[in-house]
Amino acid sequence: MPFQQRDLLLLPVPFSDLTARKIRPVVVLSNDHYNRSDADILVAGVTSNLAPRPFTVEMDSGDLEYGTLKLRSAVRVDKIFSIDQRIVLKQFARANKELFMRIRQQIDALIAEVS
16 MPFQQRDLLL
26 LPVPFSDLTA
36 RKIRPVVVLS
46 NDHYNRSDAD
56 ILVAGVTSNL
66 APRPFTVEMD
76 SGDLEYGTLK
86 LRSAVRVDKI
96 FSIDQRIVLK
106 QFARANKELF
116 MRIRQQIDAL
126 IAEVS
């Protein structure tokens, strides 16, 4: 079954040096039409490290339509990647529309032209 935009998922994510993997949460960015028509989905990483950095959107369980977060977390919109839907271990929550709008605004800021 394809995952939906705004779903929060758990999946094995490789370290950037590809030496190992860790189970990490991600949020689905790609739209439902794409998710139904392709084996891959576009996701952004989620971290519990709340150190100030650009292009992050903080969230907690109050920002979810359903499900819970163990810790206050942040979506890293500078950590976007595609994954095969078959590697997903679990869908555990869904971001509400307000949170997703904040995520989209940060993506827009990340890719905006700078003079």
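Numbering of the sequence shown is given in the numbering used here, commencing with residue 16 and proceeding in unit increments.
Just so you know, even glycine gets a beta-carbon here, dropped at the ideal spot from N, CA and C.
Here the structure is a predicted model, which is why all the values come from computation and not from measurement.
- Under the three-pair Cβ rule at 8 angstroms, the stretch 68-85 does not count as touching the stretch 32-39.
- The C-beta distance from residue 90 to residue 72 rounds to 4 angstroms, short enough to fall under 8 angstroms.
- In this structure the stretch 46-53 does not touch the stretch 62-72; the number of beta carbon pairs closer than 8 angstroms is below three.
- Judged by beta-carbon spacing, residue 110 lies beyond the 7 angstroms limit of residue 51, meaning their Cβ atoms are not closer than that value.
- For residue 24, there is no enclosing alpha helix (DSSP H); the residue is part of the beta strand (DSSP E) that begins and ends at 22-29.
- Residue 89 has 62 and 73 as its beta-bridge partners, per DSSP.
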